[in-house]
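Engineer:
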Amino acid sequence: MISAERPQGTSVGKSVRSHEAPRHASGRGHFVDDYRLPGMLHAAVLRSPHPHARIVGFDVTEALGLPGMVAVLTPDDVRSMSRPFAPGRYAAGLRTPVPEYASAVDKVRYVGEPVAAVAARDAATAEDALDRIVVEYEPLPPVVGTSEAMRRDAPLLYEELGTNVPWRGAVSYGDVDAAFREAELVVRDRLKMHRYSSVPLETFACIASADPTNATLTVWVNAQVPDVIDDALREGLGLRDVRIIIPDIGGGFGQKIHLIRKYVLITALLSLKTSRPVKWVEDRSGHMMAGGHACAQEWDVEAAVQRDGTVLGLRVRETDDVGGSISTLTIHFTNKLNNLFNTYTTQHLSLEGSSVVTNKCPVVPNRGIGKPGMCFVWERTMDRVAQTLGMSPVEVRTVNLIPSDQFPYQTPNGNIYDSGDYAGMLRRAMERIGYEELREEQARLREQGRCLGVGLAVAVEPGGRNAARDLALFPGIKGVSGSGGVNGATIRLERSGMVTLLLGSPNCGQSHETTTSQIVGDVLGLSPDRISVISPFDSEVAPWGSAAANSGNNFHLYDIGAAHDAARKLRERILTLAGHLLNTDPEDLVLEDGAVSRRSRGTPDQDGVGPSHAPSPHSPTPRLTFAELGRVAYGNQALLPKGFEPGLQETSYYTFPHAEPFVVPDEQGRVRAQFTFSAAVHIAVVEVDPATGEVEVQRYLIVSDNGTIINPSVVDGQIYGSAAHGISVALGEAFVYDEDGRLLTLTLTDYGKSTALETPRIEVEHRPMPSPFTTLGQKAAGEGAAIPSPAAIASAVEDALQPFGVRVRELPLTPEAIWRLIGSSAR
Amino acid sequence: MTSEAPVKHAVRVQVNERQYEEEVEGRRLLVHFLRETLGLTGTHVGCVVGECGACSVLLDGSVVKSCLVLAVQADGRAVVTIEGLERNGSLHPLQESFVSRYGLQCGYCTPGMILTALDLLARNPRPTEDDIRHGLAGNLCMCTGYMQIVEAVREAATVLAGATPDLA
């Protein structure tokens, strides 16, 4: 270490001018569909109209006769030209391997499943051609609900598995049976969450450009996780040279991690078949049918409780409706390891799971993946315990919250919560919302027959993925998963004196360019607007590793860590070079405003000894600009210090330095699922109209701990957006199937997405508790508010309807659902 | 249904104060005409059925969803897209407020959101928060929860109230 001096800059903590926003506000964003390559063809995908059917015949003659048509990709082509996807960690629970190709090859298992694709001179011709492909199906009885699917005589989606429940498993920590023996009472409930998604405004899009003569392939794709695409193309096509370019992504939220690989592979096959670049852009109804849904989950919950409200243990049986694919069999279960104990001191917990395949859209990661479900279980249970004991929901939670003096806190399943003050946040939230006054107001309104409700949810927001997590459940997947996480960043002081930064991950709207420019700007004493962050992501250029993912709340840990480390290394090199050129001990130099100068002192101890090239060698403060350093580093060998490698470029790969213990599971199955733990308290104040079942969210308050805040506007934006999503999920968003397995919600309106009108104002108050383990004390901010918000709304609606004795056990709380709840309780 | 020799229609349209004359198929949507024929890719496609607002543009000064308008319907009319808002290399005050107030995340809804807000401010220069939320209800954003978008529009209203808007 040359200098331990703290960065001079102070942009961290400020909402500096955004790097990304000007290009988007001026229409200069670069999304996949904005790219055009010479000779490019346009693809369209033929989708299954059946929820469950065997493909028995295929005729493409008429389609091929259409002018402008170039190629058709049939199931036979897919089978002969590509290999099935290797079962990845999302399907780790699968004991018998089931080959899954990019398209259906023998059977279709959900409406919208791709069965064929065409490439034509333009998109309209491609669409026209789909009408001329004749597929003969032998319809099979659809299996729509999980209870139906689990019946012994149910039709099978995968005959080779002999069951529609390809995975059952359990985790258990502590001594759950003993907790239940010891408990003074047991509180039981049956809860449910439904199918929803984040419906990114930009659908899947891909351009594939293959060179079959050279076995190379370049794809432009709006994928969140490059290694999913990389693996799919390398393994599926047997290509070694695959280049993935990820430009701006029009919203990800998990939707663009997994199923998108099918379509990239299909587009690549069309490009290989035609030797021309091919573009495919998903249409909205295709995305709704087949782009992936969050898993519908059902739980039987039992809590072992003491009369003072202490929850000694929790026993949860979960059933996951994973839809018509085995490729994401266990993700909604395994992600519950991340927030298994939420914010509570409970020591004994068992979670049993069953994953059930049904003739519905496959499930995919979605903002929190399973964690909103785990939080829903905990928070509904806390309310239920309060009701059973006649305690306030605030009091019950307070009894069970992890005390602030116990951090870092180790949960029984091996998570280490880095920092937090949950009780302090809860107290502050109660104070700010005016809890006591609201209770009085509620009583007054009830006398007038009006239903005001106050709901509460507390949650951790885990951040920074550990790839070895799933080994706790599936020790056999060692080769697939790895452990911890790695991602990189490269920083370069250019010849011109500009600083460019290259990140190891794509960006889908979380201001990664802005945030990292602040981090490295502070290290280099440079204003963030003088740092150019390179976009798009290019897999052949970016320093990426296993944690290169716009997913898992990874950015704050891996990308920031790598960018900061790379900037520190560059800073040391700059100081070494400048020290040599200024003939000064680097310890006495400072970086400021894009220049290196001698630290100002009372009396300059030395003057005029700089080398001849230095500007104003006789000035009292010798100074070198970054541009002057750049010219030396890239072009003036004679001035370089002995042994100094020319150029000023540094790359750092970051792994979390405090990943031990439990970076891999111990014999008790304890493993760090994620590495940092933000937290939040959500309070919802709603009024329910009992006549119509409508819910008005009057206030929505979040007291949030995201550790050190690098850019307040960015963090606020992530909180607002994820809360708005969770609230919309609780109040109406849903994928609805009829009893024949047909999706009824093919448009955004039918799906029930909240607009600016229904989305409430969200109040955010920050109570940052910096992590002692991360680069700047930062923790995650991304998925966060989508985790507790469904539970907070459920809590508020139930509270509002207390005069009717209503119990909210499932979502969404549409007017109809509420009207039915009131009706059923009145009878 | 045949596309043997699609009949083409002449479309004369002014886009961002520039005159264009193109031959298009009758079924060509205005959004595809702008993006593909003219290369103005700032107008985005989110649903093609008029639900999301990502393709909003101004047609003769009023906001329309360009996926619900055929290119031939724009014949003889004037269109303003996001690319037409800046002046002399400077962002329009409304664009500037979306930047300074972080009124966007992924940026996909942003052009449509800005053109819709421009139309709103032209009709109602001093909107309340409620007015803004009503005005933007036809434009979906999946990222922001609308908070910073509303703030951006409000700020732009204040800035524009002190200036003469040169558009809409």
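Residue numbers (the numbering used here), protein chains in the order written: chain A, 1 to 827; chain B, 828 to 995. Glycine residues also receive a C-beta, built at the ideal position from the N, C-alpha and C atoms.
Just list the residues that DSSP pairs K892 (chain B) with in beta bridges.
Structural biologist: For the purposes of this step, residue 892 (chain B) is identified with residue 65 of the second sequence, where counting begins at 1. For K892 (chain B), which the question treats as bridged, DSSP gives the partners B:S883.
Engineer: Verify whether the separation of the beta carbon atoms of S722 (chain A) and G784 (chain A) is less than 7 Å.
Structural biologist: One-based indexing of the first sequence puts residue 722 (chain A) at position 722. One-based indexing of the first sequence puts residue 784 (chain A) at position 784. Closer than 7 Å, so yes.
Engineer: Could you name each continuous beta strand (DSSP E) segment of 3 residues or more that falls completely within the region 618-677 of chain A, going from the start of the chain to the end?
Structural biologist: 623-625 and 649-654
Engineer: For the region 23-38 of chain A, which residues have a CB atom closer than 8 Å to at least one CB atom of chain B, in sequence order?
Structural biologist: R23, H24, A25, S26, G27, R28, G29, F31, D33 and D34
Engineer: For chain B, is any of its Cβ atoms less than 7 Å away from the one on R699 (chain A)?
Structural biologist: Here residue 699 (chain A) corresponds to residue number 699 of the first sequence, with the count starting at 1. R699 (chain A) does not count as touching chain B.
Engineer: Here's the rule I'm using: 16 or more other beta-carbon atoms within 10 Å means buried, otherwise exposed. How should N214 (chain A) be labelled?
Structural biologist: Position 214 of the first sequence, counted from the start, is the residue given in the question as residue 214 (chain A). Answer is exposed; the Cβ neighbour count stays below 16.
Engineer: Going along chain B, which residues have a C-beta under 7 Å from L233 (chain A)?
Structural biologist: Translated into the one-based positions of the first sequence, residue 233 (chain A) becomes position 233. Per Cβ cutoff of 7 Å: no residues; L233 (chain A) is ~25 Å from chain B at best.
Engineer: Quick check: E235 (chain A) and A86 (chain A), are their CB atoms within less than 7 Å of each other?
Structural biologist: Numbered from 1 along the first sequence, position 235 holds the residue referred to as residue 235 (chain A). Numbered from 1 along the first sequence, position 86 holds the residue referred to as residue 86 (chain A). Yes. Within cutoff.
Engineer: Looking at the structure shown, is S404 (chain A) part of a helix, part of a strand, or coil, going by DSSP?
Structural biologist: Indexing the first sequence from 1 puts residue 404 (chain A) at position 404. Here S404 (chain A) sits in helix by DSSP.
Engineer: Go ahead and pull the three-state DSSP assignment for H293 (chain A).
Structural biologist: On the first sequence, position 293 is the one that residue 293 (chain A) refers to. Of the three classes helix, strand and coil, the one that applies to H293 (chain A) here is strand, per DSSP.
Engineer: Which bits of chain B does D666 (chain A) rub up against, with CB to CB less than 9 Å?
Structural biologist: By 1-based counting over the first sequence, the position of residue 666 (chain A) is 666. What D666 (chain A) touches in chain B: nothing, since even the nearest Cβ is about 39 Å away.
Engineer: Just to confirm my understanding: we take A791 (chain A), look at its own chain, exclude 5 residues before and 5 after, and list those with CB closer than 7 Å. What are they?
Structural biologist: Position 791 of the first sequence, counted from the start, is the residue given in the question as residue 791 (chain A). Closer than 7 Å at the Cβ level, and outside the excluded window around A791 (chain A), lie C375, F376, E379, R380 and A457.
Engineer: Within 7 Å of any Cβ in chain B, is that where the Cβ of P200 (chain A) sits?
Structural biologist: The residue given as residue 200 (chain A) occupies position 200 in the first sequence. Yes, contact with chain B.
Engineer: V876 (chain B) touches chain A at which residues, Cβ-Cβ below 8 Å?
Structural biologist: In the second sequence, counting from the first residue as 1, residue 876 (chain B) sits at position 49. Contacts between V876 (chain B) and chain A, judged by CB atoms closer than 8 Å, involve R284 and T747 in chain order.
Engineer: Which of helix, strand or coil does DSSP assign to Q606 (chain A)?
Structural biologist: Along the first sequence, one-based indexing puts residue 606 (chain A) at 606. Because the pLDDT at Q606 (chain A) is just 44, under 50, the model does not fix this residue reliably, and the value given afterwards should be weighed accordingly. Coil, per DSSP.
Engineer: Just the C-alpha distance for E863 (chain B) and V32 (chain A), rounded to the nearest angstrom, thanks.
Structural biologist: The residue you call residue 863 (chain B) lines up with position 36 of the second sequence. The residue you call residue 32 (chain A) lines up with position 32 of the first sequence. Rounded to whole angstroms, E863 (chain B) to V32 (chain A) spans 13 Å at the Cα level.
Engineer: Run through chain A and tell me which residues come within less than 9 Å of P938 (chain B), C-beta to C-beta.
Structural biologist: Residue 938 (chain B) sits at position 111 when you count from the first residue of the second sequence. Within chain A, the residues near P938 (chain B) are H24, A25, S26, G27 and G29.
Engineer: With DSSP run on the structure shown, which of helix, strand or coil describes Q778 (chain A)?
Structural biologist: On the first sequence, position 778 is the one that residue 778 (chain A) refers to. In this structure, Q778 (chain A) counts as strand in the three-state DSSP scheme.
Engineer: Under a Cβ-count criterion, where at least 16 other Cβ atoms within 10 Å of its own Cβ denotes burial, should S80 (chain A) be classed as buried or exposed?
Structural biologist: Position 80 of the first sequence holds residue 80 (chain A). It counts as exposed.
Engineer: Does any residue of chain B bring its CB to less than 7 Å from the CB of T755 (chain A)?
Structural biologist: Residue numbering aside, residue 755 (chain A) sits at position 755 when the first sequence is read from its first letter. At least one chain B Cβ lies under 7 Å of T755 (chain A).
Engineer: Rounded to a whole number of angstroms, what is the C-alpha to C-alpha distance between H871 (chain B) and T267 (chain A)?
Structural biologist: Counting from 1 along the second sequence, the entry for residue 871 (chain B) is found at position 44. Counting from 1 along the first sequence, the entry for residue 267 (chain A) is found at position 267. About 22 Å.
Engineer: Reducing DSSP to helix, strand and coil, say where W280 (chain A) ends up.
Structural biologist: For the purposes of this step, residue 280 (chain A) is taken as residue 280 along the first sequence, with counting starting at 1. Strand.
Engineer: What does the alpha-carbon distance come out to for the pair Q306 (chain A) and V316 (chain A)?
Structural biologist: Against the first sequence, residue 306 (chain A) aligns to sequence position 306. Against the first sequence, residue 316 (chain A) aligns to sequence position 316. Their Cα atoms are separated by approximately 18 Å.
Engineer: Helix, strand or coil for E849 (chain B) per DSSP?
Structural biologist: On the second sequence, residue 849 (chain B) is found 22 positions in, with the first residue counted as 1. Strand at E849 (chain B).
Engineer: Measure the C-alpha to C-alpha separation of V977 (chain B) and L963 (chain B) and round it to an integer number of angstroms.
Structural biologist: Position 150 of the second sequence, counted from the first residue, corresponds to residue 977 (chain B). Position 136 of the second sequence, counted from the first residue, corresponds to residue 963 (chain B). Their backbone Cα atoms lie some 9 Å apart in a straight line.
Engineer: Taking only runs that begin and end inside the region 189-227 of chain A, name each unbroken beta strand (DSSP E) of 3 or more residues, in chain order.
Structural biologist: 205-211 and 216-221
Engineer: Can you list, in chain order, the residues of its chain with a C-beta nearer than 7 Å to that of P365 (chain A)? Leave out the 5 residues immediately preceding and following it.
Structural biologist: Within the first sequence, residue 365 (chain A) is the residue found at index 365, counting from 1. Excluding positions up to five away in sequence, the list reads G254, I257, H258, I331 and S551.
Engineer: Starting from D321 (chain A) and walking both ways along the beta strand (DSSP E), at which residues does that stretch end?
Structural biologist: Taking the first sequence and counting its residues from 1, one reaches residue 321 (chain A) at position 321. Element bounds for D321 (chain A): V311 to G323.
Engineer: Counting only Cβ-Cβ distances shorter than 8 Å, please list the residues of the region 503-521 of chain A near chain B, keeping chain order.
Structural biologist: C508, G509, Q510 and S511
Engineer: Give, in chain order, every unbroken run of the alpha helix (DSSP H) that is at least 4 residues long and sits entirely within the region 331-365 of chain A.
Structural biologist: 331-334
Engineer: Pick out the complete beta strand (DSSP E) segments inside the region 12-56 of chain A, 3 residues or longer, and give them in chain order.
Structural biologist: 41-47
Engineer: Contact criterion: CB-CB distance below 7 Å. Does S883 (chain B) meet it with respect to chain A?
Structural biologist: Locating residue 883 (chain B) in the second sequence gives position 56, counting from the first residue. No, S883 (chain B) lies away from the interface with chain A (no Cβ there is under 7 Å from its Cβ).
Engineer: Determine which residues share a DSSP beta bridge with W299 (chain A) and list them.
Structural biologist: One-based indexing of the first sequence puts residue 299 (chain A) at position 299. W299 (chain A) is bridged to A:L191 and A:E318.
Engineer: Is E844 (chain B) helix, strand or coil when you go by DSSP?
Structural biologist: Here the question's residue 844 (chain B) lines up with position 17 in the second sequence. Of the three classes helix, strand and coil, the one that applies to E844 (chain B) here is coil, per DSSP.
Engineer: Going by other Cβ atoms of all chains shown within 10 Å of its Cβ, with 16 needed for buried, is S789 (chain A) buried or exposed?
Structural biologist: Numbered from 1 along the first sequence, position 789 holds the residue referred to as residue 789 (chain A). With 16 or more other Cβ atoms within 10 Å, it is buried.
Engineer: Starting from D248 (chain A), find everything on chain B with Cβ-Cβ shorter than 9 Å and list it in chain order.
Structural biologist: Locating residue 248 (chain A) in the first sequence gives position 248, where the first residue counts as 1. Near D248 (chain A) (Cβ distances below 9 Å), the residues of chain B are C933, G934 and Y935.
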